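Trainee: Line by line, the protein sequences give chains S and W.
Per this note's numbering, residue 1 is the first one in the first sequence, and the count goes up by one each step.
Per this note's numbering, residue 1001 is the first one in the second sequence, and the count goes up by one each step.
Each residue gets a CB set at the ideal place from its N, CA and C atoms; glycine is no exception.
The model shown is predicted, which means the values in this text are computed figures rather than measured ones.
One structure follows; several queries about it will come next.
Number of protein chains: 2
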Amino acid sequence: MIRKLGGAHRFSEAEQSAIKKLPISARTLSPQQDIVLENGPSTQCCIILDGWTCCYQSFEAGRRQILSLHVPGDLPDLQSLHLPDPDFGMIALTQARVAFVPHANLHRLIERFPAIGTALWREAQVSAAIQRSWLSSLGRRDARGRLAHLFCELYLRLEAVGLAGGDIFPMPLRQTDLADALGLTPVHVNRTLKELRIADLINLQIRKLEILDWPGLRAAGEFNPQYLHLK
Amino acid sequence: MIRKLGGAHRFSEAEQSAIKKLPISARTLSPQQDIVLENGPSTQCCIILDGWTCCYQSFEAGRRQILSLHVPGDLPDLQSLHLPDPDFGMIALTQARVAFVPHANLHRLIERFPAIGTALWREAQVSAAIQRSWLSSLGRRDARGRLAHLFCELYLRLEAVGLAGGDIFPMPLRQTDLADALGLTPVHVNRTLKELRIADLINLQIRKLEILDWPGLRAAGEFNPQYLHLK
DNA sequence: CGCTTATTTGACCTCGCTCAATCTGGGTGG
DNA sequence: CCACCCAGATTGAGCGAGGTCAAATAAGCG
Chain S
1 MIRKLGGAHR FSEAEQSAIK KLPISARTLS PQQDIVLENG PSTQCCIILD
51 GWTCCYQSFE AGRRQILSLH VPGDLPDLQS LHLPDPDFGM IALTQARVAF
101 VPHANLHRLI ERFPAIGTAL WREAQVSAAI QRSWLSSLGR RDARGRLAHL
151 FCELYLRLEA VGLAGGDIFP MPLRQTDLAD ALGLTPVHVN RTLKELRIAD
201 LINLQIRKLE ILDWPGLRAA GEFNPQYLHL K
Chain W
1001 MIRKLGGAHR FSEAEQSAIK KLPISARTLS PQQDIVLENG PSTQCCIILD
1051 GWTCCYQSFE AGRRQILSLH VPGDLPDLQS LHLPDPDFGM IALTQARVAF
1101 VPHANLHRLI ERFPAIGTAL WREAQVSAAI QRSWLSSLGR RDARGRLAHL
1151 FCELYLRLEA VGLAGGDIFP MPLRQTDLAD ALGLTPVHVN RTLKELRIAD
1201 LINLQIRKLE ILDWPGLRAA GEFNPQYLHL K
């Protein structure tokens, strides 16, 4: 499981067995349960095994901004390895299984196997690239474009870990979560989803999203998958 | 100069001299001159020696989003070390002096001195933290808050490298640049600046910004400097 | 079958955008 | 020294995307 995340690199036998020997503690979390608090130092990294989670920053008056969404296979808080004071919180959006590895062990692993450190660095940089594209979305796309872009991104990310196919993927986010991720209001997310549905671009079922018109959705979101750095 | 950037870490003699031996080529750029193109692989990292630069992504219809601003001492494209396909462009906003170091040399340096790699990783993570706070700004702050937050951030970042003091700092950005950074229109930036001026929070001179009311500005931007990870 | 949480819809309002005109200061050539 | 030019700043008028508030409907769930 962890190896898959190493991504664009073939690890040696020794590296693989060292990774497998990491002391991992997995936890199952219920929806809305905190993983990392907005303050307080963190001493471990985590890996999403199952379910969806997010990072967020909160504001006065109960507002919050979701900074990133994580699906199975993601390593959401690699930044904590070298910046132990987190500037954000992490929370489960659905029921989720999350594995934790202490920083100390990771540091030792990286010291022994620099290639693993490189792979982790690369992983962190891909997350940063996704954040950049979110920043552009919030700054320069309207509600329709933001939703379209996000759906394109999620499909490809889920497909990359085998969780999407046939233009359908699981979409357990509430409209409130989408709003917090896209800098919008739940009400307006609702209206814009309706718009996309009427335009026959998507079909949002109970917890599944079907993409009916890829070219249309890609155009609506001005989507270019380069930033995801998938092979 | 480069050592200062290493930041929160004391380098050994050997490390320092190895850094000093890096083959550096400095260039002077005029305003609006490209540093890194939006496509095409990059083979070197850069360090801002003087002047201001930014990273951006561009959209149809001439729109663009500025992803980050760089002031002297910044290492803007560390991500290119492990993701050689850039997903954004970099451009000089003022006349600027920029130093370039080939990736190959940096990789060799990091291999020999892992502590330097750690320092660079940390630096990259601080940039990512700044991006997170920009994301929150675009998502959840109004125009007034975005400007206030940005000015607070810029003051502290410039102060950290000795370029600000006495509540005054150089601010060479045009209103168009501020608009592209904050996801606004130049016209609306203008009006909001006026608002901040009338509220006696700031005093924007020719190319200098004076902060007249720190508590007021901090409150207007809901600014909390933790994310900058300054000592 | 109630209770709670999420989605949907309507009416109204406002922040920020668009378009366009005017003003300003620094630079340039005569 | 002055007339001219031009990029950037400023201002006005009107509009529209998205927000707010509130109510209705639908969908879990014990």
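Terminal residues of the continuous alpha helix (DSSP H) containing residue 1190 of chain W?
Mentor: Where residue 1190 of chain W is concerned, the enclosing alpha helix (DSSP H) stretches over 1186 to 1198.
Trainee: Residues in the same chain with beta-carbon distance under 6 Å from residue 137 of chain S, minus the five sequence neighbours each way, listed in chain order, please.
Mentor: Only 146 and 149 meet the Cβ criterion.
Trainee: Note down the Cα distance separating residue 105 of chain S from residue 162 of chain S, rounded to an integer number of angstroms.
Mentor: Their Cα atoms are separated by approximately 29 Å.
Trainee: Where residue 52 of chain S and residue 17 of chain S are concerned, what is the direct C-alpha to C-alpha distance, given to the nearest angstrom?
Mentor: Cα-Cα distance, rounded: 28 Å.
Trainee: Against chain S, with Cβ distances strictly below 8 Å, would residue 1118 of chain W count as a contact?
Mentor: Cβ-Cβ to chain S under 8 Å: yes for residue 1118 of chain W.
Trainee: What's the gap between the Cα of residue 1229 of chain W and the Cα of residue 1192 of chain W?
Mentor: Rounded to whole angstroms, residue 1229 of chain W to residue 1192 of chain W spans 29 Å at the Cα level.
Trainee: I think residue 180 of chain S touches residue 64 of chain S, with their Cβ atoms under 8 Å apart; what is that distance to the nearest whole Å?
Mentor: With a Cβ gap of about 5 Å, residue 180 of chain S and residue 64 of chain S count as contacting.
Trainee: At a cut of 8 Å, does the region 71 to 91 of chain S reach the region 40 to 50 of chain S through at least three beta carbon pairs?
Mentor: Taking 8 Å as the limit for Cβ pairs, the verdict is that the region 40 to 50 of chain S does touch the region 71 to 91 of chain S.
Trainee: What span of residues does the alpha helix (DSSP H) with residue 118 of chain S cover, start to end?
Mentor: Its alpha helix (DSSP H) spans residues 114 to 140.
Trainee: With distances taken between CB atoms, is the gap from residue 80 of chain S to residue 227 of chain S smaller than 8 Å?
Mentor: No; because the gap between Cβ atoms is not below 8 Å, this pair is not in contact.
Trainee: So, at 6 Å on beta carbons, what are the nonlocal neighbours of residue 196 of chain S in its own chain, with the 5 sequence-adjacent residues on each side left out?
Mentor: Around residue 196 of chain S: 202.
Trainee: Just to make sure I have the definition right: I need the residues of chain S whose C-beta is within less than 9 Å of the C-beta of residue 1114 of chain W. Which are they?
Mentor: Within chain S, the residues near residue 1114 of chain W are 110, 111, 114 and 117.
Trainee: Quick check on the DSSP output: the beta strand (DSSP E) that includes residue 11 of chain S runs from which residue to which?
Mentor: Taken as a continuous stretch (DSSP letters only), residue 11 of chain S belongs to no beta strand (DSSP E), as it is neither H nor E.
Trainee: What is the rounded straight-line gap between the Cα of residue 74 of chain S and the Cα of residue 1220 of chain W?
Mentor: Using only the alpha carbons, I get a separation of about 35 Å.
Trainee: Who are the neighbours of residue 136 of chain S on chain W, taking C-beta pairs under 8 Å?
Mentor: Chain W residues near residue 136 of chain S: 1057, 1059, 1065 and 1067.
Trainee: Secondary structure at residue 1205 of chain W, three-state DSSP: helix, strand or coil?
Mentor: Three-state result, residue 1205 of chain W: coil.
Trainee: Leaving out five residues before and five after residue 1213 of chain W in sequence, what residues of the same chain have Cβ atoms less than 7 Å from its Cβ?
Mentor: Cβ neighbours of residue 1213 of chain W beyond the five flanking positions: 1200 and 1201.
Trainee: Consult DSSP for residue 168 of chain S and reduce its assignment to one of helix, strand or coil.
Mentor: DSSP places residue 168 of chain S in strand when its eight states are reduced to three.
Trainee: What does residue 227 of chain S reach in chain W if we use C-beta pairs closer than 8 Å?
Mentor: The contacting residues are 1087.
Trainee: Within the continuous alpha helix (DSSP H) that includes residue 76 of chain S, where are the two ends?
Mentor: Premise fails: residue 76 of chain S is in no alpha helix (DSSP H) and is neither H nor E.
Trainee: Taking C-alpha atoms, which residue in S:167, S:55, S:231 and S:190 lies nearest to residue 218 of chain S?
Mentor: Of the candidates S:167, S:55, S:231 and S:190, the one whose C-alpha sits nearest the C-alpha of residue 218 of chain S is S:167.
Trainee: Can you have a look at residue 142 of chain S and say buried or exposed, based on whether 16 or more other CB atoms are within 10 angstroms of its CB?
Mentor: Per the 10 Å Cβ criterion, exposed.
Trainee: Kindly indicate the opening and closing residues of the beta strand (DSSP E) around residue 100 of chain S.
Mentor: Its beta strand (DSSP E) spans residues 96 to 102.
Trainee: Taking the alpha helix (DSSP H) that residue 1175 of chain W belongs to, which residues open and close that run?
Mentor: Element bounds for residue 1175 of chain W: 1175 to 1182.
Trainee: Show which residues of chain W have a CB atom less than 8 Å away from the CB atom of residue 222 of chain S.
Mentor: Within 8 Å Cβ-Cβ: 1059 and 1060.
Trainee: Hey, would you say residue 1054 of chain W sits closer than 8 Å to residue 1077 of chain W, going by beta carbons?
Mentor: For residue 1054 of chain W and residue 1077 of chain W, no; Cβs fall outside 8 Å.
Trainee: Please classify residue 14 of chain S as buried or exposed, where buried requires at least 16 other C-beta atoms within 10 Å of its C-beta.
Mentor: By the neighbour-count rule (16 or more Cβ atoms within 10 Å), residue 14 of chain S is not buried but exposed.
Trainee: Alpha carbon to alpha carbon, how far is residue 1049 of chain W from residue 1225 of chain W?
Mentor: Between residue 1049 of chain W and residue 1225 of chain W, the C-alpha separation is close to 24 Å.
Trainee: Taking just the CA atoms, how far does residue 216 of chain S sit from residue 1113 of chain W?
Mentor: Computed Cα separation, rounded: 50 Å.
Trainee: Kindly indicate if chain S contains any beta-carbon less than 8 Å away from that of residue 1132 of chain W.
Mentor: For residue 1132 of chain W, the answer is yes, since a Cβ of chain S falls inside 8 Å of its Cβ.
Trainee: Output the boundary residues of the beta strand (DSSP E) element that contains residue 1089 of chain W.
Mentor: Residue 1089 of chain W -> beta strand (DSSP E) spans 1089 to 1092.
Trainee: Indicate whether residue 1025 of chain W and residue 1088 of chain W have their beta-carbon atoms separated by less than 8 Å.
Mentor: No, the Cβ-Cβ distance between residue 1025 of chain W and residue 1088 of chain W is not below 8 Å.
Trainee: If I'm right that residue 1062 of chain W touches residue 183 of chain S with Cβ under 8 Å, what's the distance once you round it to whole angstroms?
Mentor: Rounded, the Cβ-Cβ distance is 22 Å, inconsistent with contact.
Trainee: Strictly under 8 Å for the Cβ-Cβ distance: is residue 1165 of chain W near chain S by that measure?
Mentor: With 8 Å as the cut-off, residue 1165 of chain W does not count as an interface residue toward chain S.
Trainee: Between which residues of its own chain and residue 1066 of chain W is the CB-CB distance below 6 Å, once the five residues before and five after are set aside?
Mentor: The residues are 1054, 1056, 1180 and 1181.
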